[in-house]
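Peer 1: In this note's numbering, the protein residues as written are 783 to 990.
Glycine included, every Cβ here is placed at the ideal spot set by N, Cα and C.
Below you'll find the structure I mean.
What follows is the structure, given as structure tokens:
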């Protein structure tokens, strides 16, 4: 009978409405929080260097060497440097050549003349028989300097008698006389004291 009483007691314990059996609560399983993988912030790409464009050097033309001025060659023959010019001259060194001079010639080139050469200093007197153009007569000392100039001596009328032709004397004793076209002395600054030099075929002759 004892077992019956125990059984009844157990049944009453199960059915009693006033006793609430606590619910069986499981401890919640901790949810593993996965740390988010940090998103890598892309590093900015280094700026692309802009290539420096070096301009191609312009073709610099090679300068042409400046040609040195070519000296004008002197004419071949007896030359007289006087004033600002050089005259190509005929020579009158004998009495016969001096007596003839430039008579009977039709003309004379602008850079030409006749040089009368004497053996010693002396007073000279010139005239213009049978001349066809006017002259400048340049009196030259033995020291190769100009003593004076008889400028623009006219040529005579062919009908003028020789006895009536004027004479043109030097202003002092001279060794040489240069006859050139009228106006050349003024044009080339040939004045008393101008130096005279002989060149070409007569370079260094007669002390000049």
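Residues in the same chain with beta-carbon distance under 7 Å from residue 896, minus the five sequence neighbours each way, listed in chain order, please.
Peer 2: Around residue 896: 871, 872, 874, 883, 884, 961.
Peer 1: Is it buried or exposed, residue 917, if we count other Cβ atoms within 10 angstroms and call 16 or more buried?
Peer 2: The residue in question, residue 917, is buried, as its Cβ has 16 or more Cβ neighbours within 10 Å.
Peer 1: Any idea if residue 904 is buried or exposed, counting beta-carbon neighbours within 10 angstroms, 16 or more meaning buried?
Peer 2: Under this definition residue 904 is an exposed residue.
Peer 1: Residue 938 to residue 981, Cα distance in whole Å?
Peer 2: Spanning the two alpha carbons is a distance of roughly 33 Å.
Peer 1: Which runs of the alpha helix (DSSP H) fall wholly inside the region 884 to 924 and span at least 4 residues, in chain order?
Peer 2: Fully enclosed alpha helix (DSSP H) runs of 4 or longer: not present.
Peer 1: Looking only at C-alpha atoms, which of 865, 925, 892, 913 sits nearest to residue 986?
Peer 2: Selected option, being the one with the closest Cα: 925.
Peer 1: Under DSSP, the alpha helix (DSSP H) around residue 877 begins and ends at which residues?
Peer 2: 877 to 882 is the extent of the alpha helix (DSSP H) around residue 877.
Peer 1: Thinking C-alpha only, which one of 900, 866, 914, 984 is nearest residue 941?
Peer 2: Ranking 900, 866, 914, 984 by Cα distance to residue 941 puts 914 first.
Peer 1: Considering residue 969, what are the terminal residues of the alpha helix (DSSP H) in which it resides?
Peer 2: From DSSP, the alpha helix (DSSP H) with residue 969 extends over 966 to 969.
Peer 1: Measure the beta-carbon distance from residue 886 to residue 912 and round it to whole angstroms, keeping in mind my assumption that it falls under 8 Å.
Peer 2: Their Cβ separation, rounded to whole angstroms, is 5 Å, which keeps residue 886 and residue 912 in contact under 8 Å.
Peer 1: Just reading off the beta strand (DSSP E) that residue 864 is part of, what are its end residues?
Peer 2: Element bounds for residue 864: 860 to 864.
Peer 1: Would you check if the distance between the CB atom of residue 967 and the CB atom of residue 931 is smaller than 7 Å?
Peer 2: It is a contact, given that the beta carbons lie within the stated cut-off.
Peer 1: If you draw a straight line from the C-alpha of residue 876 to the C-alpha of residue 983, how long is it?
Peer 2: Approximately 17 Å, taken between the alpha carbons.
Peer 1: Let me check understanding here. Comparing Cα to Cα, which of 957, 969, 888, 908 lies closest to residue 866?
Peer 2: Measuring from the Cα of residue 866, the nearest candidate turns out to be 969.
Peer 1: Would you say residue 957 and residue 900 are within 7 Å of each other, going by their C-beta atoms?
Peer 2: Going by C-beta atoms, residue 957 is nearer than 7 Å to residue 900.
Peer 1: Can you find the residues in the same chain that come closer than 6 Å, C-beta to C-beta, to residue 881, ignoring five residues on each side of it along the sequence?
Peer 2: Excluding residues within five positions, none has a Cβ falling inside 6 Å.
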